[in-house]
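These notes are about the structure you will find just below.
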Amino acid sequence: MEIVAWVLVVIAAVAMLLALWRFLTLRSQGTSVIIRRLPASGTHGWRHGRVRYNGEELHYYKLRSLSPGADLVLNRQQLEFLDSRPLTDREASFMDPSLKVTTISNDGQLYEIVVDSRGLMALTAWMESAPNIRQERTDFNKLRNRITRHQNGR
Numbered sequence: 034m035e036i037v038a039w040v041l042v043v044i045a046a047v048a049m050l051l052a053l054w055r056f057l058t059l060r061s062q063g064t065s066v067i068i069r070r071l072p073a074s075g076t077h078g079w080r081h082g083r084v085r086y087n088g089e090e091l092h093y094y095k096l097r098s099l100s101p102g103a104d105l106v107l108n109r110q111q112l113e114f115l116d117s118r119p120l121t122d123r124e125a126s127f128m129d130p131s132l133k134v135t136t137i138s139n140d141g142q143l144y145e146i147v148v149d150s151r152g153l154m155a156l157t158a159w160m161e162s163a164p165n166i167r168q169e170r171t172d173f174n175k176l177r178n179r180i181t182r183h184q185n186g187r
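Offset between the sequence shown (1-based) and our numbering: plus 33.
See the structure below:
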């Protein structure tokens with residue numbers, strides 16, 4: 034019985050350390066958002082969290098999660114704005130009524146995201162600055178070899 038108690042204490046301590054680490058590392062980074070996966074009805078499915086832009090990916094971290102990694106990763110090349118709408122009366126009861134709900138699509142999966150105007154501007158700029166998915170990536174090694182080959186007279 035004593036071993037079981039110690040195992041439970043260790044598990045609780047690890048969970049507390051993960052929660053503390055996640056709180057301290059994410060609190061000062063990223064943008065506060067409220068997001069839910071569609072289809073959803075009423076006020077169900079809304080989750081508070083933070084988003085961070087990481088190159089070509091948007092990492093979403095739920096507020097109530099112990100996972101050391103992102104809870105949702107969205108690829109910038111597959112993201113698309115669909116529409117926006119005002120909050121419903123029930124949604125305005127737990128969100129700032131001045132905010133708007135924006136519907137986005139990521140590779141066919143729909144999400145609703147609520148973010149302040151600055152966060153929406155940052156998200157829009159990040160998405161619009163993505164290179165075209167059809168754009169061919171430059172292979173700098175191949176380009177360097179081609180240049181040096183011509184300089185060496187081959």
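Each residue gets a CB set at the ideal place from its N, CA and C atoms; glycine is no exception.
Quick one: give me the first and last residue of the beta strand (DSSP E) that L115 is part of.
Counting along the chain, the beta strand (DSSP E) containing L115 begins and ends at L112 to P119.
Buried versus exposed, by CB contacts within 10 Å (16 or more), A103
buried
Candidates R123, E124, L143 and V147: which alpha carbon is nearest K133's?
Checked all of R123, E124, L143 and V147; the closest Cα to K133 is V147.
Tell me L105's beta-bridge partners as DSSP assigns them.
Y93
If you count every other CB in all the chains shown that lies within 10 Å of the CB of V47, and 16 or more means buried, which is it?
It is exposed - the Cβ of V47 has fewer than 16 other Cβ atoms within 10 Å.
How many whole angstroms separate the CB atoms of R123 and G75, which I take to be in contact at a CB cut-off of 8 angstroms?
7 angstroms
Separation of A158 from Q62, as counted between CA atoms:
18 angstroms
Kindly give me the distance between the Cβ atoms of N139 and L99, rounded to whole angstroms, as I take these residues to be in contact under 8 angstroms.
In fact, because the Cβ distance is near 24 angstroms, the residues do not count as touching under 8 angstroms.
Report back the beta-carbon spacing between V30 and T64 to the nearest angstrom; my notes put them in contact at under 8 angstroms.
What is shown of the chain runs 34 to 187, which leaves residue 30 out entirely.
Option nearest R80 by Cα separation, candidates M154, E89, Y144 and S117
Checked all of M154, E89, Y144 and S117; the closest Cα to R80 is Y144.
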